[in-house]
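Working notes, beginning with the structure itself.
Residue numbers (the numbering used here): 2 to 205.
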């Protein structure tokens, strides 16, 4: 929901940094992988209850996630790069809730499982919609030029990162925050299903 406003403010800065990285020979895939590795390290820190350090690495990880697209625009975009970006993003989004479950499975296990279920369903609707949209040659740049059709929703990257950071700042609140955000993700998935019914109906 907030991704559009955030992108408009950050994209000019990211594009300048991305151009500088591309001019120094840094590839977009390298930035994508670096961001993922930072995200995994954040998950490890959270699992060992170093929550503030984990929060800092989450921010650096997502900075890389924004920069890889800027580097690609400054050099060249590839289908492999787009594939790698979305797969590693999903891996990151799964790793952070899992880390909270590992940190305190007794307190966080149920809420973390519910959250991961909601992420799974939300991701499935996102990717399935993209596949059907590609089949019908649909296009959109509502979130800028992307490697696949991008549907918006209440729970997007900005909201998810804000949620992760809130959990790091208030780890004892994880069960409540996770249950709430899982409900938001399920609502987003349901709205995408409704949108798919409207967009993909065959003519009678």
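Don't be surprised by glycine CBs; every beta carbon is placed ideally from N, CA and C.
Asked, Found
"Under the three-state DSSP convention, the category residue 205 falls into", "Any reading at residue 205 is ruled out, since the residue's pLDDT is 44, under 50, leaving its predicted position unreliable."
"Range of the contiguous alpha helix (DSSP H) that encloses residue 78", "From DSSP, residue 78 is part of no alpha helix (DSSP H); its letter is neither H nor E."
"Residue 27 (DSSP reduced to helix, strand or coil)", "coil"
"Beta-carbon proximity check, residue 68 vs residue 36, cutoff 9 Å", "yes"
"Limits of the unbroken alpha helix (DSSP H) element including residue 155", "Unbroken run through residue 155: none, as it is neither H nor E."
"Residue 194 Cβ short of 8 Å to the ligand ATP heavy atom set", "The ligand ATP is absent from the structure shown, which contains no ligands of any kind."
"Rounded C-alpha distance that separates residue 60 from residue 199", "37 Å"
"Which of helix, strand or coil DSSP assigns to residue 133", "helix"
"C-alpha distance - residue 45 paired with residue 202, whole-angstrom precision", "45 Å"
"The region 129-140 contacting the region 69-78, beta-carbon criterion three pairs below 8 Å", "no"
"Straight-line Cα distance separating residue 167 from residue 17", "29 Å"
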